[in-house]
Amino acid sequence: MTTVLVTGPIGGGKSTACRYLQALGWPVYDCDSRCKRLYETVPGLKGRIEAELGIPFSNLREVFGDAQKLEKLESIVYPLLVRDIESWKQSLDSPLAFVESALAGEKPQFDGLYDKVLLITAPLEQRMERNPYARQRDSLQSFRRVKPDRTIRNVSTVEALERKIVNYLKTIS
165 MTTVLVTGPI GGGKSTACRY LQALGWPVYD CDSRCKRLYE TVPGLKGRIE
215 AELGIPFSNL REVFGDAQKL EKLESIVYPL LVRDIESWKQ SLDSPLAFVE
265 SALAGEKPQF DGLYDKVLLI TAPLEQRMER NPYARQRDSL QSFRRVKPDR
315 TIRNVSTVEA LERKIVNYLK TIS
């Protein structure tokens with residue numbers, strides 16, 4: 165099975181692209197929603213996070229302004245997320261699968277979980293129209309380590325993005 169990491173900055177269009185891939189019948193693992201599911205389903209995880217970070221779980225957003233706390237949170241959660249991705253991949257009967265994540269390409273913990281990288285991006289102005297947090301979150305995202313096999317500039321309509329996805333699929337399936 166070929167696994168493609170779909171990554172890019174907030175508001176770039178990766179979620180839109182992944183919803184389209186799912187509509188076409190391809191399996192997609194959404195790291196954000198699966199991570200939230202882990203918080204709810206892994207016994208003791210929220211308590212461990214609270215104890216090790218020294219903040220209530222309801223204030224978890226605070227860690228994004230504190231590099232040490234963010235690193236600690238990642239050291240707790242990423243191993244669980246990696247195992248969850250591995251388990252998900254093993255459950256599939258598909259020649260192709262997609263993992264959606266803005267951060268996985270920059271984190272060595274996720275190396276080896278994907279074979280190809282699809283970077284979906286757009287100019288900041290367009291990304292801010294799509295998501296008002298784009299400028300704020302840009303400081304938390306870096307794509308220096310990412311070596312995309314293909315980059316899609318999502319600068320037009322959803323239909324144009326979908327055509328680019330179809331063209332991309334022709335090159336890998």
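Under my numbering, think of the first position of the sequence shown as 165, with each following residue one higher.
Think of the CB as a built atom: it goes at the ideal place given N, C-alpha and C, for glycine as much as any other residue.
For residue i and residue j, I'd like the C-alpha separation in whole angstroms.
i: Pro173; j: Arg183; result: 17 Å
i: Glu326; j: Ala187; result: 11 Å
i: Glu238; j: Pro207; result: 17 Å
i: Leu209; j: Thr167; result: 28 Å
i: Tyr297; j: Ser251; result: 32 Å
i: Gln232; j: Thr171; result: 24 Å
i: Gly189; j: Gly218; result: 43 Å
i: Tyr203; j: Asp257; result: 27 Å
i: Pro191; j: Leu185; result: 8 Å
i: Tyr169; j: Pro220; result: At residue 169 the sequence reads Leu, which differs from the Tyr that was named. C-alpha separation (whole angstroms): 32 Å.
i: Ala324; j: Pro243; result: 36 Å
i: Pro259; j: Thr205; result: 29 Å
i: Ile329; j: Met165; result: 19 Å
i: Asp196; j: Ser179; result: 10 Å
Need the endpoints of the beta strand (DSSP E) that residue i sits in, please.
i: Tyr193; result: 192-194
i: Ile219; result: Per DSSP, Ile219 belongs to no beta strand (DSSP E) and is neither H nor E.
i: Arg314; result: 314-317
i: Leu283; result: 280-285
For residue i, which option in the options has the closest C-alpha, if you only look at C-alpha atoms?
i: Tyr136; options: Gln290, Ile284, Ser265; result: Because the chain is modelled from 165 through 337, residue 136 falls outside the range shown and cannot be assessed.
i: Pro272; options: Glu289, Val246, Leu282, Gln254; result: Val246
i: Glu289; options: Ser320, Val263, Gly269; result: Ser320
i: Tyr332; options: Gly276, Pro243, Phe262; result: Phe262
i: Gly276; options: Cys199, Ile249, Pro287; result: Ile249
i: Glu270; options: Lys311, Gln254, Arg294; result: Lys311
i: Arg294; options: Val322, Lys236, Phe307; result: Val322
i: Lys253; options: Asp194, Ile336, Val330; result: Asp194
i: Arg309; options: Pro287, Phe274, Ser179; result: Phe274
Would residue i and residue j be called neighbours here (beta carbons separated by less than 7 Å)?
i: Thr285; j: Gly176; result: yes
i: Leu283; j: Thr315; result: yes
i: Asp313; j: Lys280; result: yes
i: Val241; j: Leu234; result: no
i: Lys236; j: Glu216; result: yes
Let's see if you can read the secondary structure: which residues bound the alpha helix (DSSP H) around residue i?
i: Ala231; result: 231-255
i: Thr180; result: 178-187
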